[in-house]
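Numbering (the working numbering), first residue to last: 1314 to 1418.
Below, the structure is given as C-alpha coordinates:
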(Lines of atoms letter the chains of each structure in order from A and count residues from 1; the text may use other names and numbers.)
(Lines give C-alpha, C1' and ligand atoms only; values in the text may rest on other atoms or scores of the structure.)
Protein backbone atom coordinates (compact mmCIF):
# COMPACT_ATOMS: atom_id res chain seq x y z
CA UNK A 1 0.00 0.00 0.00
CA UNK A 2 1.38 3.39 -0.96
CA UNK A 3 1.33 6.45 1.29
CA UNK A 4 -1.75 8.62 1.27
CA UNK A 5 -1.48 12.29 0.33
CA UNK A 6 -2.84 13.12 3.78
CA UNK A 7 0.00 11.27 5.50
CA UNK A 8 2.67 12.99 3.40
CA UNK A 9 1.09 16.40 4.05
CA UNK A 10 0.95 15.62 7.79
CA UNK A 11 4.64 14.65 7.91
CA UNK A 12 5.68 17.73 5.93
CA UNK A 13 3.61 20.08 8.11
CA UNK A 14 5.05 18.50 11.26
CA UNK A 15 8.59 19.22 10.03
CA UNK A 16 7.96 22.79 8.77
CA UNK A 17 9.44 24.40 11.94
CA UNK A 18 12.80 22.90 10.87
CA UNK A 19 12.96 24.78 7.57
CA UNK A 20 12.07 24.16 3.95
CA UNK A 21 10.29 20.82 3.62
CA UNK A 22 9.35 19.05 0.40
CA UNK A 23 8.36 15.57 -0.65
CA UNK A 24 9.18 13.68 -3.81
CA UNK A 25 7.46 10.61 -5.13
CA UNK A 26 9.96 7.83 -5.73
CA UNK A 27 9.13 4.33 -6.95
CA UNK A 28 5.56 4.43 -5.64
CA UNK A 29 6.36 5.94 -2.25
CA UNK A 30 8.00 9.15 -1.06
CA UNK A 31 11.18 10.69 0.27
CA UNK A 32 10.99 13.82 2.38
CA UNK A 33 13.63 16.52 2.32
CA UNK A 34 14.38 19.13 4.97
CA UNK A 35 16.54 21.99 3.75
CA UNK A 36 17.53 19.94 0.68
CA UNK A 37 18.70 16.85 2.59
CA UNK A 38 16.73 13.61 2.32
CA UNK A 39 15.86 12.66 5.89
CA UNK A 40 12.79 10.41 5.66
CA UNK A 41 11.61 7.56 3.48
CA UNK A 42 7.83 7.25 3.67
CA UNK A 43 6.21 3.94 2.76
CA UNK A 44 2.86 2.43 3.72
CA UNK A 45 2.00 5.49 5.82
CA UNK A 46 5.10 5.03 7.99
CA UNK A 47 8.04 7.42 8.19
CA UNK A 48 11.43 5.70 8.27
CA UNK A 49 14.84 7.16 9.12
CA UNK A 50 18.27 5.59 8.74
CA UNK A 51 19.76 3.83 11.74
CA UNK A 52 22.57 6.31 12.39
CA UNK A 53 24.81 6.39 15.49
CA UNK A 54 23.85 10.02 16.16
CA UNK A 55 20.25 8.98 16.98
CA UNK A 56 20.82 5.48 18.38
CA UNK A 57 20.25 6.49 22.02
CA UNK A 58 17.16 8.60 21.28
CA UNK A 59 15.65 5.85 19.14
CA UNK A 60 16.66 2.88 21.33
CA UNK A 61 13.02 1.99 22.07
CA UNK A 62 11.67 2.83 18.61
CA UNK A 63 10.00 0.31 16.38
CA UNK A 64 12.07 -0.76 13.38
CA UNK A 65 11.27 -2.14 9.96
CA UNK A 66 12.20 -2.12 6.31
CA UNK A 67 10.48 0.50 4.16
CA UNK A 68 10.58 -1.73 1.08
CA UNK A 69 11.94 -5.09 -0.04
CA UNK A 70 15.72 -5.06 -0.09
CA UNK A 71 16.07 -1.97 2.11
CA UNK A 72 18.16 -1.88 5.26
CA UNK A 73 16.32 -1.93 8.56
CA UNK A 74 15.38 1.58 9.69
CA UNK A 75 13.75 3.30 12.63
CA UNK A 76 10.04 4.09 12.35
CA UNK A 77 9.23 7.59 13.59
CA UNK A 78 6.63 8.06 16.31
CA UNK A 79 4.61 11.26 15.91
CA UNK A 80 3.27 11.35 19.49
CA UNK A 81 6.26 13.35 20.83
CA UNK A 82 6.85 16.10 18.27
CA UNK A 83 9.76 17.68 20.17
CA UNK A 84 11.65 14.37 20.17
CA UNK A 85 10.77 13.74 16.53
CA UNK A 86 12.07 17.14 15.44
CA UNK A 87 15.22 16.67 17.51
CA UNK A 88 15.85 13.32 15.80
CA UNK A 89 15.45 14.96 12.38
CA UNK A 90 17.81 17.80 13.36
CA UNK A 91 20.47 15.29 14.45
CA UNK A 92 20.08 13.31 11.23
CA UNK A 93 20.21 16.49 9.17
CA UNK A 94 23.45 17.54 10.86
CA UNK A 95 24.97 14.10 10.25
CA UNK A 96 24.03 13.67 6.57
CA UNK A 97 25.93 15.33 3.72
CA UNK A 98 24.19 17.38 1.06
CA UNK A 99 23.46 15.36 -2.08
CA UNK A 100 26.15 15.50 -4.73
CA UNK A 101 25.36 17.70 -7.69
CA UNK A 102 24.84 15.79 -10.91
CA UNK A 103 26.77 16.90 -13.95
CA UNK A 104 24.55 18.25 -16.69
CA UNK A 105 25.09 16.83 -20.15
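Note that beta-carbon positions come from the ideal geometry of N, C-alpha and C, so glycine has one too.
Item                                                                                                           : Value
Buried or exposed by the 16-neighbour rule on C-beta atoms within 10 Å, applied to residue 1354                : buried
Burial state of residue 1343, where buried means 16 or more other Cβ atoms lie within 10 Å                     : buried
Ranges of the beta strand (DSSP E) found wholly within the stretch 1331-1393, counting only runs of at least 3 : 1334-1339, 1342-1347, 1350-1356, 1359-1362, 1387-1389
Beta-carbon spacing of residue 1356, residue 1330 below 7 Å                                                    : no
Cα-Cα separation, residue 1350 to residue 1337                                                                 : 12 Å
Contact check, residue 1332 vs residue 1315, beta carbons under 7 Å                                            : no
Burial state of residue 1390 (16 or more Cβ within 10 Å)                                                       : buried
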